[in-house]
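I have placed the structure first, in the form of structure tokens, so that the comments after it can refer back to it.
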Amino acid sequence: MKKLIILFILLFAIGLPAQFANQRSSNEANSAKTSEVQKDAKSKNHKSMLEKNTEYQRKLRTDLTRNMRDFKKDQNKKFLFIALGLAFLYGIAHSMGPGHGKIFMVSQVIGSNVKYLTIVGASFLFAFLHSLSGLTLVAILKLLSMSLLQDSTTFSILAQNISYGIIILLGLWILFKALFSKKNTQHTHADRNLFVTALSIGFVPCPGSIIIAVFAMKMGTYFVGVMMVLTMALGMALTLIAINSLTLFVKSLTTSMLISEKHITKISKVLTIIGALLIIGLGTLFLVANLR
Amino acid sequence: MKRIKLIIIYIIIFSCNTLIAHPHLFAGVDIDFDATKLDTLIITERWMFDDLTSMIILEDFDSNGDDEIDAKELESLKKLVIPGLKECGFYTDLEINDKKVIITEISNFSVGVEDIFVYYKFDFKVPILISDTEQNIKINVYDREFYTKFFINADSGINIVESEEIRHDISVYENEAKSYYFGQLSPLEVKLKIWKEQ
């Protein structure tokens, strides 16, 4: 049975991104070759998962804007619902990338005893905060007549630096608690810490939602813009829940398969220390990279 | 065996989580080579942005709202955009006969709108002596930080004009030696071999 579960996880992990891989832009498929340029035949069949995901995101964005324009022109709600569906898919594909701070949440799930319900709550908190802060930033920049392209990037970098700072402090706090605290309050602390992480990385505005918000504003469909950003956030939240739950599931499986009952407390402490070090290390790495 | 399986699963989960990225801006790239002179090669790049990026550019710089970038608007765009692009070497990696050349100056920078898509277009000169010996020019356009994804239009976006005595060969391939972003991406490289017929 366990072997079957392992196989299922393996297939899921490989299969989900591969779904995106098979979607290819029709433009690319139909484009004609010029006789002058020789192309490496391998190029098109040898794309990394990341490249395939990128192409899929590009296609989603094109389809999304086309449907929104059609909705604006005809006021046919069918186009609106399609656009919302595409925004949801865009949220999923978009949130599969780094830069959304997911690695910090995963590190905590591995390193501490969080509950599934906490994962769901923290993922929703992060995704909606991340998207809505993008929306708020657009409103502020417009009110102050600032540049969306340049100033949103400047503000995002500043917010990222603050976020990494908080993450490093949180990692140090977890490490301190794991090393010196005698009370066994791991569960409560772990759940609270995951929410703190979600809050601190969530307030960094999501460039994806900034772009969608500007688009809606330009089209004069503000309310639809908010709906699209929220739908996108829902897609992000579900992806995060899936990734973090899968991590927790595999962690539990590993623990039960490889570690005996009497060693669990000791191992759990070691995992907490590793998780804290991972958070501190990654936070420092990202902060230094940003400051450089 | 169990341990190996679990290690594999961990690696896969981490790969899904951290190594699939998210560009926020997209641009299709056309590259034109002008080899009508024997002592200079002029390379023109045209970056055509996607719908959403185009809208942001227009929102920022099209102050009169006519969906065009006029001369005055172009000046304010240049002031804000060019320094950043210069810092990134215009996202262009150029090699002449296997020697890296850093692009510091460009000319004829223009911004246009085609249908609903905004494009940037600019030239740069490559000092090269076209003779009967083959000259090799390699060019990649990519953003190492992957904030912008550039797609070189290999199917129809690479063109050359040349004088009668000049011959060329163009190939496009993925250069894995220049892979970036955790080694997950390889830029498309355009290689131009150019020589003068004896």
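Heads up: the sequence lines are chains P and W, in that order. Residue numbering for the first sequence follows the numbering used here, starting at 14 and increasing by one per position. Residue numbering for the second sequence follows the numbering used here, starting at 4 and increasing by one per position. We put the beta carbon where it would ideally sit given N, CA and C, even for glycine.
Inset, instruction - Look at P/Gly147 and P/Gly288 and say whether their C-beta atoms are less than 7 angstroms apart. - result: Taking C-beta atoms as the reference points, P/Gly147 and P/Gly288 fail to come closer than 7 angstroms.
Inset, instruction - Along the beta strand (DSSP E) that carries W/Gln138, what are the first and last residues, could you check? - result: Where W/Gln138 is concerned, the enclosing beta strand (DSSP E) stretches over 138-144.
Inset, instruction - With DSSP as the reference, label W/His171 as helix, strand or coil. - result: W/His171: strand per DSSP, three-state reduction.
Inset, instruction - Flag W/Gln187 as yes if its beta-carbon sits less than 7 angstroms from any beta-carbon of chain P, otherwise no. - result: W/Gln187 belongs to the set of residues whose beta carbon lies under 7 angstroms from a beta carbon in chain P.
Legend entry - CA nearest to the CA of W/Leu191, picked from W/Arg49, W/Ser182, W/Pro130, W/Ile60: Nearest in C-alpha terms to W/Leu191, of all of W/Arg49, W/Ser182, W/Pro130, W/Ile60, is W/Ser182.
Inset, instruction - Answer yes if the stretch 213-226 of chain P comes into contact with the stretch 145-164 of chain P, meaning at least three C-beta pairs across the two stretches below 8 angstroms, and no otherwise. - result: When C-beta atoms of the stretch 145-164 of chain P are compared with those of the stretch 213-226 of chain P, three or more pairs fall below 8 angstroms, so the two segments count as touching.
Inset, instruction - Specify the secondary structure class of W/Lys185 as computed by DSSP and reduced to three states. - result: Reading the sequence as shown, one finds Phe at residue 185 of chain W and not Lys. Note: W/Phe185 maps to coil in three-state DSSP.
Inset, instruction - Closer than 7 angstroms by beta-carbon distance: list the chain P residues that pair up with W/Ile59, in chain order. - result: Those are Leu161, Leu162, Ile224, Val227, listed as they occur along chain P.
Legend entry - Endpoints, the alpha helix (DSSP H) within which W/Gly87 is located: In the DSSP annotation of this structure, the continuous segment of the alpha helix (DSSP H) that includes W/Gly87 starts and ends at 74-90.
Inset, instruction - Identify whether P/Arg74 lies in helix, strand or coil by the three-state DSSP scheme. - result: Reduced to three states, the DSSP call for P/Arg74 is helix.
Inset, instruction - Could you tell me which chain P residues have their CB closer than 7 angstroms to the CB of W/Phe29, listed as they occur along the chain? - result: What W/Phe29 touches in chain P: Arg71.
Legend entry - Neighbourhood of W/Glu98 by C-beta distance below 6 angstroms, restricted to the same chain and skipping five residues each side: Around W/Glu98: Lys141.
Legend entry - CB contact below 7 angstroms: P/Ser61 versus chain W: Any Cβ of chain W closer than 7 angstroms to the Cβ of P/Ser61 would place that residue at the interface, and such an atom is present.
Legend entry - For P/Ile254 and W/Tyr94, the rounded distance between their alpha carbons: One C-alpha to the other measures close to 36 angstroms.
Legend entry - Contacts around P/Ala203, its chain only, beta-carbon distance under 6 angstroms, and the 5 residues preceding and following it disregarded: Around P/Ala203, the same chain offers Ser125, Asn126, Val127 as residues with beta carbons nearer than 6 angstroms, after the five sequence neighbours per side are excluded.
Inset, instruction - Give a yes or no on whether 7 angstroms exceeds the smallest Cβ distance from P/Val301 to chain W. - result: For P/Val301, no CB of chain W lies under 7 angstroms from its own CB, so it is not counted at the interface with that chain.
Legend entry - Same chain only: Cβ atoms within 7 angstroms of W/Ile109, ignoring 5 sequence neighbours per side: Non-local C-beta neighbours of W/Ile109 in its own chain, meaning closer than 7 angstroms and more than five positions away in sequence, comprise Phe93, Phe125, Asp126, Phe127, ordered along the chain.
Inset, instruction - At 9 angstroms on the CB atoms, spell out the chain P contacts of W/Lys203, in chain order. - result: No answer is possible for residue 203 of chain W: the residues shown for chain W start at 4 and end at 201.
Inset, instruction - Using a Cβ cut-off of 7 angstroms (strictly closer), state whether W/Leu195 contacts chain P. - result: Not closer than 7 angstroms to any Cβ of chain P, the Cβ of W/Leu195 fails to qualify, so no.
Inset, instruction - Answer with yes or no whether the minimum CB distance from W/Ala24 to chain P is below 7 angstroms. - result: For W/Ala24, the predicted structure reports a pLDDT of 44, less than 50, and the residue's modelled location is therefore unreliable. The matter cannot be settled from this model.
Inset, instruction - Figure out for me which residue from P/Leu138, P/Thr244, P/Tyr103 has the closest Cα to the Cα of P/Met118. - result: Looking at P/Leu138, P/Thr244, P/Tyr103, the one whose alpha-carbon comes closest to that of P/Met118 is P/Leu138.
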